[in-house]
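K.L.:
Dumping the structure here so I can ask a few things about it.
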Amino acid sequence: MRIAIILLNKGRGSGEVARQHTRFLLKQKHQVYFMHPDIGDGVPGAHNIDIQLHSDIIPVHEYLPSAGEEQKQVASMDFDEMMAYLPDYEKALNSIADDIDIIIGHHANITAIATYRVAIKYNKPYVLFLHGTGIEPRHLGKWDDRSWDLIKYAVESAKGIIVTTEYVRDELVKPIIDIHDDKFLILPCGVDLDEFKATDTCLIREKYGLPDNYVICPGALTVSKGPQNVVEASKEYYEYAATVFIGDGVLKEELAEKLGKRGMFLGYVSSEDKVKLISEATLLVAAPEKKEHFGIIYAEALAAGTPVVAYEGGGVGSIVTPTEGILTERDPKVLGQKVNYLIQNSGLRKQMSVSCRARAESHFSYPELIKTLSDWLAGFIDSKTD
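First residue of the sequence shown: 80, per this note's numbering; consecutive thereafter.
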């Protein structure tokens, strides 16, 4: 198949999912046309297409810590401002529309409208991958009504809808867009299992001066990601394990002062070091303020054989079951108490570690997930030619 994948911007979570889909679709010998603004080198082997924006302001769903003033939440734009970006995305899709079989548009936003318009113009099937960050703003009263009407129609007209969890389908999409369950493909975020087979991970402790026991909390240091809750929780277990944060953000200085000697902030680390840090950690801990739509960090922890302690709610329960970790009520003290319990129960942790890797292999292996995706997409192409 010849597949186009279009994103609003480079992204973090959804962007990494799209890049991984592209890599593994290429491994299955499909052609992929991968596109978003500021694409740089893109994905090796793909047809990487840079979407040229008419403005220096990049439309985003969630503010990126490193982006400064050069971004604006697309759901907060008025109708005319949002529509001014539409030709930028349509132009990129128009340039390759004759060469493709199907389009995957990511998010309910400008890209959904552009995908719909180009697909109709060239009589191509399209599907939309709806991530929570694109849908949530409508629940919060955002999106100009005229903008939302166009987005909603593009979603309703798609051949199929991809979501990562039943939570996204049932709690975020269906309450505001009436779509039958048969139209959805629930496709979890995957993980590169080979990446988490490193054998020299113990050297990472020496590199960063880490103690024997540490819990790791990856992610942006922003309120929505909840690092402040993990700092508070650390009071319940700091005598037994340090708390190590990887990532950066506006809360870093404030949280470092509150954490004190109970842990450390490593800032941004390389992808290779991130794998090793998660693999060597005693536990992975997370306490986001908002309910996770999926949470790639949890799948990565499973692949690394690292048990998880995290807030319950959202899609996390579809990843972490009681055999791989503990999901707690949304209270820092309770979270810390459960971390304390697992740190002191090495036998249970070892059992969970084995279950973690087994679950990653059975539920979140990218080759298997992409086989499911490609078979599903092929059905729309076959039906078009019948």
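Each residue gets a CB set at the ideal place from its N, CA and C atoms; glycine is no exception.
Could you check where the beta strand (DSSP E) with K286 kicks off and where it finishes?
P.N.:
Premise fails: K286 lies in the alpha helix (DSSP H), 282-287, not in any beta strand (DSSP E).
K.L.:
K170 to R217, Cα distance in whole Å?
P.N.:
27 Å
K.L.:
Using 8 Å as the cut-off, classify the Cβ of W222 as near or not near the heavy atoms of the ligand MG, replying yes or no.
P.N.:
With respect to small molecules bound, the structure shown includes none, and the ligand MG cannot be examined in it.
K.L.:
Just to confirm, are V393 and K370 a CB contact at a threshold of 9 Å?
P.N.:
The sequence shown places Gly at residue 393, rather than the Val named in the question. Contact flag set, yes.
K.L.:
Which full runs of the beta strand (DSSP E) of 3+ residues lie inside the stretch 325-384, going along the chain?
P.N.:
342-344, 362-365
K.L.:
Inspect the beta-carbon positions of G36 and A233 and report whether they are closer than 9 Å.
P.N.:
Lying outside 80 to 465, the shown extent of the chain, residue 36 is not represented and no answer is given.
K.L.:
Enumerate in chain order the residues of its own chain whose CB-to-CB distance from D273 is below 7 Å, with the five nearest sequence positions on each side excluded.
P.N.:
none
K.L.:
Closest to Y201 by CA distance: which of E391, K262, P446, N173 is it?
P.N.:
N173
K.L.:
Within 8 Å, do at least three Cβ pairs link the stretch 301-311 to the stretch 364-378?
P.N.:
Here the stretch 364-378 lies against the stretch 301-311, with 3 or more beta-carbon pairs under 8 Å apart.
K.L.:
Output the boundary residues of the beta strand (DSSP E) element that contains C296.
P.N.:
If you look at C296, you'll find it in the beta strand (DSSP E) that goes 293-297.
K.L.:
Taking the C-alpha atoms as reference points, what is the distance between A97 and F103?
P.N.:
10 Å
K.L.:
Comparing C-alpha positions only, which one of S444, E440, Y319, S434 sits nearest to G415?
P.N.:
Looking at the Cα atoms, Y319 is the closest of the given residues.
K.L.:
Would you decide whether G458 is buried or exposed? Buried here means 16 or more other CB atoms lie within 10 Å of its CB.
P.N.:
By the 10 Å Cβ count, G458 comes out exposed.
K.L.:
Determine the burial state of Q99: buried for a count of at least 16 other Cβ atoms within 10 Å of its Cβ, exposed for fewer.
P.N.:
By the neighbour-count rule (16 or more Cβ atoms within 10 Å), Q99 is buried.
K.L.:
For the putative contact between R341 and A321, defined by C-beta atoms under 8 Å, what is the C-beta separation to the nearest angstrom?
P.N.:
7 Å
K.L.:
Tell me which residues share the same chain as S444 and place their Cβ nearer than 8 Å to its Cβ, disregarding the 5 neighbours each side in the sequence.
P.N.:
G269, V270, L272
K.L.:
List, from N- to C-terminal side, the alpha helix (DSSP H) runs of 4 residues or more that fit wholly inside the stretch 399-433.
P.N.:
411-422
K.L.:
Taking M114 and I460 to be in contact with their CB atoms under 8 Å, please state how far apart those CB atoms are, rounded to whole angstroms.
P.N.:
Contact doesn't hold; Cβ gap of about 20 Å is too wide.
K.L.:
Just mark C296 as buried or exposed, buried being the case when its beta carbon has 16 or more other beta carbons within 10 Å.
P.N.:
Buried is the call here.
K.L.:
Tell me whether Y57 is buried or exposed, calling it buried when 16 or more other Cβ atoms sit within 10 Å of its Cβ.
P.N.:
Nothing in the structure corresponds to residue 57, since the chain is present only between 80 and 465.
K.L.:
Inspect the beta-carbon positions of F373 and G94 and report whether they are closer than 9 Å.
P.N.:
no
K.L.:
Give the DSSP-derived three-state secondary structure of H133 in the structure shown.
P.N.:
Coil at H133, not helix or strand.
K.L.:
Kindly provide the ranges of any beta strand (DSSP E) runs that are 3 or more residues long and lie completely inside the stretch 212-270, ordered along the chain.
P.N.:
239-242, 263-265
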